[in-house]
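A.B. asks: After the structure tokens below, expect a handful of questions from me.
In full-length UniProt numbering, the protein residues as written are 1 to 281.
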């Protein structure tokens, strides 16, 4: 018998995501911060590969865990002034993510999972392909007068589409494939059970119709957003196929624009489906 959640009881975490409006100075600062983080990630990938080759050649069991990565970051910041110009918080969080990703890949290999089910080892992040993502813990950001202040003196304006119910524990600042910047705050989720009404309804999940209920007022017809967007998506994907660069060559401006338009169409489709799901909920 499952225990019921009490009102206000914590039930995990939830994310609140908001659009950011950036000045040219803030955008340049965030991109510079990401360049430093990307360099650190690639250094961690190179170190992981060196450790793997060393262990295979010597039969030793040299590790590349969080302690070794933290030592690498400390030495790199002491040696390179460019790294010290950036905040240490997003760099440390990036190495935490790297260590988790590498540990998951090694765990899947040890468990002998099929290749299609394994999490791959962390790979190099290329400049024009990897999207900027910066993670800040509680000590790396603060909210003041409606603005988000990040470690390193970066101040950005948040479009507050709704209020934060509680103080956030961390924030992720990232740029999507279309070029928009977002801030995703992590908050503790609290369960607020609805009052009991005694009403009963039957739901039959289907394929042609999303759901059919015993009440005609609550049937959920399929919105067919994907079919509506299919023509435009196919057009942009054909543009990408025609302009795709040969292996080893840099992508052209036309290819990058077709890729951006494809991402924009996908984003619109996801937004429509999310809006429909929220209305049904």
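Cβ atoms here follow ideal geometry from the backbone N, Cα and C, with glycine treated the same way. These numbers come from a predicted model, not from an experiment.
1. Assuming residue 29 and residue 152 form a contact by the criterion Cβ under 8 Å, report the distance between their Cβ atoms to the nearest whole angstrom.
2. Measure the alpha-carbon distance for residue 110 versus residue 35 and round it to whole angstroms.
3. Given a cut-off of 8 Å, decide if residue 33 and residue 120 are closer than it, judged by their beta-carbon atoms.
4. Does the beta-carbon distance from residue 141 to residue 148 come in below 8 Å?
5. For residue 180, which residues of its own chain have a beta-carbon under 7 Å away from its beta-carbon, when the five flanking residues on both sides are left out?
6. Is it buried or exposed, residue 259, if we count other Cβ atoms within 10 angstroms and call 16 or more buried?
7. What residues in its chain sit with their C-beta under 7 Å from that of residue 91, if we drop five residues either side in the sequence?
8. For residue 176, which three-state DSSP category applies?
9. For the beta strand (DSSP E) that contains residue 182, what are its first and last residues?
10. Give the list of continuous beta strand (DSSP E) stretches no shorter than 3 residues that lie fully inside the segment 87-173.
11. How long is the line joining the alpha carbons of residue 145 and residue 26, rounded to whole angstroms?
12. What three-state label does DSSP hand residue 18 in the structure shown?
13. Are at least three pairs of beta-carbons, each pair with one atom in the segment 165-183 and one in the segment 194-206, less than 8 Å apart?
C.D. replies: Considering the structure as presented:
1. 7 Å
2. 33 Å
3. no
4. yes
5. 19
6. buried
7. 36, 37, 40 and 73
8. coil
9. 181-191
10. 133-137, 141-144, 147-150 and 154-158
11. 17 Å
12. strand
13. no
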